[in-house]
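Undergrad: Numbering (the working numbering), first residue to last: 300 to 550. Cβ coordinates follow ideal geometry from the N, Cα and C atoms, glycine included. Submitted below is the structure of interest, expressed as structure tokens.
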């Protein structure tokens with residue numbers, strides 16, 4: 300792994316703009332299960348269509364809100380890990396834009412600022428009637444009851460992308476713009492199988508930009524990237540940051 304870390308650090312040393320594409324594997328290291336892995340215990344009896352579609356919310360809003368409140372508790376308990384923090388620190392050394400498939404808000408909690416949340420944010424509520432939104436603190440919900448809009452009183456919903464819904468156009472456009480600017484791309488913790496977000500990875504691989512993949516598991520693009528670091532993000536990213544700082548210190 301060390302040779303790949305050093306090679307990646309040399310690549311980033313000459314890259315003023317970096318795009319980070321992150322997925323569920325990064326947050327899994329905070330003890331936050333992926334969507335399907337979270338369907339355990341009480342929730343094992345439900346399919347994704349019972350918990351994460353507009354139709355499910357219309358039929359059983361109490362059930363959907365209980366599910367998302369439970370997931371919010373897991374996120375509040377997990378918090379950012381060393382991988383999230385290393386990405387935020389990298390942003391203090393280079394211009395870093397993060398495009399993430401994760402809805403947990405942990406990149407922002409770690410200190411990253413330029414972020415496109417491709418699948419929304421579970422800490423944000425959006426009114427199903429007037430569209431007003433409110434972002435809640437990173438804290439455990441006190442109950443599982445539905446949330447109501449402060450503006451119009453209608454029931455709000457978690458501001459995440461459900462099955463059958465389009466990705467937010469502004470977030471996708473911001474990520475595509477960041478790819479155009481980027482001198483290097485880091486792909487971390489994503490299976491590279493969920494489209495259209497995975498199309499950003501495909502576009503990066505097909506471009507002239509060097510692509511660094513950080514993932515202990517082999518993905519569909521593993522053979523096509525320029526540098527592959529087969530390690531957990533919470534180990535690889537801090538090591539990459541240390542190697543980058545050593546290059547900078549030595550001129």
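Contact defined as beta carbons within less than 8 Å: I believe residue 411 pairs with residue 424. What is the distance between those atoms, to the nearest angstrom?
TA: Actually they do not touch by this definition, with Cβ atoms about 22 Å apart.
Undergrad: Round the Cβ separation of residue 259 and residue 317 to the nearest angstrom and send it over; I've been treating them as touching at under 8 Å.
TA: Only positions 300 to 550 of the chain appear in the structure, and residue 259 is not among them; the question remains open.
Undergrad: Taking the DSSP output, what are the residues bridged to residue 419?
TA: Bridge partners of residue 419: 459.
Undergrad: Can you tell me the Cα-Cα spacing of residue 353 and residue 462, whole angstroms?
TA: Those two C-alpha atoms are separated by around 8 Å.
Undergrad: Please state whether DSSP places residue 372 in a helix, a strand or coil.
TA: Residue state, collapsed to three classes: helix.
Undergrad: Provide the residue span of the beta strand (DSSP E) that contains residue 432, from first to last.
TA: Element bounds for residue 432: 432–434.
Undergrad: On the three-state DSSP scale, how would you describe residue 473?
TA: Residue 473 falls in the helix class under three-state DSSP.
Undergrad: To the nearest angstrom, report how far apart residue 496 and residue 476 are at their CA atoms.
TA: For residue 496 and residue 476, the distance between alpha carbons rounds to 14 Å.
Undergrad: Please report the straight-line C-alpha distance between residue 489 and residue 358, rounded to a whole angstrom.
TA: Taking the straight line joining both Cα atoms gives about 32 Å.
Undergrad: Please classify residue 508 as buried or exposed, where buried requires at least 16 other C-beta atoms within 10 Å of its C-beta.
TA: By the neighbour-count rule (16 or more Cβ atoms within 10 Å), residue 508 is buried.
Undergrad: In this structure, what does DSSP give as the bridge partners for residue 321?
TA: Paired residue(s): 399, 487.
Undergrad: Compute the distance between the beta-carbons of residue 303 and residue 528, then report whether it is under 8 Å.
TA: Yes, the Cβ-Cβ distance between residue 303 and residue 528 is below 8 Å.
Undergrad: Name the residue from 514, 429, 436 whose alpha carbon lies nearest to the alpha carbon of residue 420.
TA: Of 514, 429, 436, the residue nearest in Cα terms is 436.
Undergrad: Under 8 Å by Cβ, that's how I've got residue 536 and residue 386 pegged, so tell me the actual separation to the nearest angstrom.
TA: Indeed they touch by this definition, with Cβ atoms about 6 Å apart.
Undergrad: Check residue 524 in the structure and name its three-state DSSP category.
TA: Note: residue 524 maps to coil in three-state DSSP.
Undergrad: Is the beta carbon of residue 526 closer than 8 Å to that of residue 365?
TA: In this structure, residue 526 does not lie closer than 8 Å to residue 365 by Cβ.
Undergrad: Starting from residue 354, follow the alpha helix (DSSP H) in both directions and report where the run begins and ends.
TA: First-last of the alpha helix (DSSP H) with residue 354: 353–358.
Undergrad: Please state whether the Cβ-Cβ distance between residue 460 and residue 418 is less than 8 Å.
TA: In contact: residue 460 and residue 418 (Cβ atoms closer than 8 Å).
Undergrad: Using CA coordinates, which residue listed in 544, 429, 326 is at the minimum distance from residue 451?
TA: When only C-alpha atoms are compared, the closest one is 429.
Undergrad: Pull up the distance between the alpha-carbon of residue 327 and that of residue 549, whole angstroms please.
TA: Rounded to the nearest angstrom, the two C-alpha atoms are 35 Å apart.
Undergrad: Using 8 Å for Cβ pairs, my map puts residue 540 next to residue 348. What's the rounded Cβ distance?
TA: Rounded, the Cβ-Cβ distance is 41 Å, inconsistent with contact.
Undergrad: At what residues does the beta strand (DSSP E) containing residue 510 begin and finish?
TA: Element bounds for residue 510: 510–513.
Undergrad: Classify residue 392 as helix, strand or coil using the three-state DSSP reduction.
TA: Looking at residue 392 - three-state DSSP - the assignment turns out to be coil, as it is neither helix nor strand.
Undergrad: Once DSSP output is grouped into helix, strand and coil, what is the label at residue 449?
TA: In this structure, residue 449 counts as coil in the three-state DSSP scheme.
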